[in-house]
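A quick write-up on the structure given underneath.
Residue numbers (my numbering), protein chains in the order written: chain A, 1 to 656; chain B, 657 to 1258.
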């Protein structure tokens, strides 16, 4: 028989699982194929140990010596290899600890952890603290962290030379404990080239389960923006003094493009990195949407481009009397409405412009309206119902995120009550309750093109939905912990997620695969923002760092430090030159993104060559503090005025 | 416990102790929990709780907070499919109170008693304020406008740095010219190098100049409403630091000129400006104290502050300025500048002077000291009451020398009586014999005795707070045995807590086993008239009580089922009428309170 004994054990384990779930057919099939007869499956304990993967007959005394030996070897090795080799210490310690705990040597395990835990890299300390809680075998079942370690290999990127050095050492020592762990629980992603130094390693390590493999980032990503859909056929109704427009009468075919108007001359060249327009189905633009687009372009032409020479203006909306009850906020693309979610299940919408929030007329009244009238959309609204703010009731738990549809008629909210709700901003009621997530939903975002939306949840999945389906279209599973935040790529073909497993992931909406996996954060990620050009992704979270990633190959481009409390909101200016971050430390910081992009594009970057990570605060342009108001949301208007939503914290001010 | 708080590593935090588990078990009726069972439970509970807190932290982060709230714990429980903790609610900070006695320390949460009747009857409960949206400019073209919605342009810390090292300010704007000094430095290298402190320039913009003009005019002008507005602006505007030196100069020069001219009204206006500056939280006033304190002192002790001393009420100015002085001491006293010590010394040395000190100045020195608190009064004024009494006796009783002196003496007498009565009340035990008073306090003795008697007769103003703390019987027992006479908590001599929160601590003892109860009831019963728990609390009452802030309050311990406890309730005359919420009516008839309550009075 081909497979040696250990493999047989595994097969038996699989059989047991099949039996457990009563999958008779498969069981029979497997038995036949693997040539196993009933009599063999006897040792139950063996089987369960294969399932857990931690059964070890190693002498508990040996573990500490073994670890010491490994440490000594690493310290005595050459400086160029030392740091790469050092990467295995943490996973080895973790698995040694879990093995000891699993086999009932609690005392030994605690000693090992106490002795070597504190000397691990500081970004692993949080996880070590969580692991240290686990001191008994039954603590391990259902524990998120130990399950993750148990069922996944810890990924370590290593140069060929370092890896061969390590292998030689393992071979020489023949320490079975270590060999086992390395074989079972570690995965070495080898690359050709020079071994990395400590700074390079630190930049990308920190995720729960090690770094991303090269394989993870090989798929091509269409990060470019497709040509804007043609909107000129409708441009004319917006009568203007502009000469170029007069020629562009509504009846003229769209092929005849008047190049005079600078508004429409942009984006004529197609981006080589843009996805094909029909890559994902997108609903057709309605006339109204096209009008809106024209309006937006017109506004954009009046935009002040921000750069280090032109200082920004910020308008701050401070929520008063809202001590710790505000959880999220969103502003419509045209900056006319603000939605705020509260911890008492309420969603409230304010208008930010003189126009009040009106409701639709009743059905009877709507009957009387002449549908052919020019201003039918205006006539539909009941003038008398105008209010400056409206409340939406329906959730039964903290509202964790709100998101406006691009056409401003719909609003999404997600809540601790595990549901996502779609609200109409015309009749001001809930339209749909999307149930699917089993645990609190942390984030929800509308696609920039509308129709689609994506959600992130405590159940470790992110999901893609369409407003007219009550079930999700795609489920993005793969994170080891909560998915904390989600963001659509500007071309709507991808979504990015940030998770408590400290990884940023880019998913393809068409097939649900992950196409980029980026590690480097040291704490849960709370905010994501795509650059206007679509090539870069910035992320930030509890570790107070802003990381900028190049989606072309998934490299870390820059690490921006400056905040000292968790960052919860990130946004790019409409011109794409400035990255703005808002944090709980009550400051808004503006970073020179155009300089950053220039600096990084000048370097030769390919998949195997990691660019140098840019650090330091020489990209920081401005820093503005609010008066004890943590920043909840940031938004640029079409003319590049920054709107900031803060929540005045009166309690902690008086107590200090 | 194997892994109990090892100092070398914080990977293993603290665990519940087996004792805690046993106490909890007892509280739910399990009398004898075995040691190993308790340990097993303690480990498991610690593990589960730590997990719960980890999960709760997730909810905290998602709610964009950095403070864990009870609702986060509830949410974490819900996710685990467990029943959340109903009935706990707290919108604000939960300060742990601390109490110690008999070598044991106790941390507990203050739990205010709620009178159900009040809740039921009071239909107009205050609704929480509605969340409102306020829009304002955070910055305009890169410049942050100095409006109340924005943080002060220059943080207090920065003002402090600037005041300590003015070079700091200069180095920033002159970045370009940084080469110059270094070049000069090189030239001078061979000769002697002297570091000259450069002067920081304070340039005022036109708007600021206008503002300064408006404010100063309004403050000393004749329009009272405008003055109020100006003072309000001075007390609250965050961007005043740039014109602060000028404001101070204005005040100081104003005092100097108006004291000479005896212009009482203007002096009062100027002192009100000082008050406004002191109230402004965003100013770093330390830099100007050396100028402000002499000005304020002048207004307290100057020989003459008005044109007609016999008619004008310059006493009010002295009182007001004294309060300012005590506020300065409170706000700015540090161990390095010793402001309070220096000011106390200044006033007390004025008291030491002989008859050459004018009576108005004497009054000033007295009121200055009095505002500094009860301890100061005890140390510096009480010993001199006799001497002062002799001095004013001449003017009050003797042949009329001058009307001015008589009025001044009258004011001094009134002041002393008002202030000393509550203090003397605690020093001299009743009964109050007039002889003792006259012996101790000379001329003022008689009047003082009358005042003390009056003070004793008045019901004591005290707010009683009361809370339940269930604590382990061991702690209770120990504290009772060790300190069956007096527990003195926090014997601070200076109470300067500005918030006026009451710090009274009460412990309720649950009825325990019979033996223990016996112990409780017997021991204090013998000493019950002396069983006094003292502690300090600020007077939450009106300003008339201000001076007695450090007075110690008595706490009387009532004992259940003990016949002796009736004497406890009846001994101090003040007990019964203040213990409405705590002791049922029956206690007045000599019945013991139903629970071992500790009741407070002052």
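Idealized CB from N, CA, C, for every residue including glycine.
With a beta-carbon spacing of about 13 Å, residue 722 of chain B and residue 524 of chain A fall beyond the 8 Å limit used to define contacts.
Per DSSP, the unbroken alpha helix (DSSP H) holding residue 594 of chain A starts and ends at 593–601. For residue 1032 of chain B, the closest alpha carbon among the candidates B:973, B:801, B:999, B:879 is that of B:999.
Per the Cβ contact rule, the stretch 344–361 of chain A is in contact with the stretch 377–391 of chain A (3 or more Cβ pairs under 8 Å). For the alpha helix (DSSP H) assignment, the uninterrupted runs of no fewer than 4 residues enclosed by the stretch 104–154 of chain A are, from N- to C-terminal side, 106–116, 125–132, 137–140, 144–151.
In the DSSP assignment, residue 547 of chain A falls within the unbroken beta strand (DSSP E) covering 545–550. Looking from the CA of residue 1114 of chain B, the closest CA among B:1061, B:1078, B:670 belongs to B:1078. With respect to the 9 Å criterion, residue 526 of chain A and residue 484 of chain A are classified as neighbours on the basis of their beta carbons. For a cut-off of 8 Å, the C-beta gap from residue 405 of chain A to residue 450 of chain A is around 6 Å, short enough to register as a contact. Per DSSP, residue 169 of chain A has no beta-bridge partner at all. Contacts with chain A at 9 Å (Cβ-Cβ) do not include residue 986 of chain B. The Cβ of residue 524 of chain A sits closer than 9 Å to at least one Cβ of chain B. The closest CA to that of residue 705 of chain B, considering only B:720, B:686, B:695, B:729, is found on B:729. Going by C-alpha positions, residue 189 of chain A is about 50 Å away from residue 800 of chain B. Interface annotation for the stretch 63–92 of chain A against chain B: empty, criterion Cβ-Cβ distance under 8 Å. In this structure, the beta-carbon distance from residue 646 of chain A to residue 306 of chain A does not fall below 9 Å.
Considered as a whole, the stretch 343–427 of chain A harbours 347–351, 357–360, 381–387, 389–392, 399–404, 410–415, 419–424 as its complete beta strand (DSSP E) runs of no fewer than 3 residues, in chain order. In the DSSP annotation of this structure, the continuous segment of the alpha helix (DSSP H) that includes residue 1016 of chain B starts and ends at 1015–1026. When secondary structure is reduced to three states using DSSP, residue 939 of chain B falls in the coil class, being assigned neither helix nor strand. Selection A:330, A:207, A:202 evaluated against residue 559 of chain A yields A:202 as nearest (Cα-Cα). For residue 623 of chain A, there is no enclosing alpha helix (DSSP H); the residue is found in the beta strand (DSSP E) stretching over 620–625. Bridge pairing for residue 761 of chain B: B:756 [DSSP]. With distances taken between CA atoms, residue 400 of chain A lies nearest to A:445 out of A:445, A:520, A:115. A residue is called buried once 16 or more other Cβ atoms fall within 10 Å of its Cβ, and residue 589 of chain A is buried on that count.
For residue 94 of chain A, the uninterrupted alpha helix (DSSP H) segment begins and ends at 89–102. Here DSSP, grouped into helix, strand and coil, assigns residue 717 of chain B to helix. About 6 Å separates the beta carbon of residue 650 of chain A from that of residue 323 of chain A, a gap short enough to meet the 8 Å contact definition. Residue 704 of chain B carries a helical assignment under DSSP once its states are collapsed to helix, strand and coil.
In this structure, residue 672 of chain B sits away from residue 139 of chain A, with a CB-CB distance that is not shorter than 9 Å.
Only buried fits residue 806 of chain B, as 16 or more other CB atoms lie within 10 angstroms of its CB. Residue 1034 of chain B and residue 1003 of chain B have their alpha carbons spaced roughly 14 Å apart.
A direct Cα-Cα distance of roughly 7 Å separates residue 147 of chain A from residue 141 of chain A.
Closer than 8 Å at the C-beta level to chain A, one finds these residues of the stretch 698–730 of chain B: 699, 703, 706, 707, 710, 714, 715, 717, 718, 719, 720, 721, 722, 723, 725, 727. Contact of residue 387 of chain A with chain B by beta-carbon distance below 9 Å is absent, the smallest such distance being about 13 Å.
Residue range 567–572 is occupied by the beta strand (DSSP E) that includes residue 572 of chain A. Sequence-distant Cβ neighbours of residue 929 of chain B in its own chain, meaning closer than 6 Å and more than five residues away, are 875, 907.
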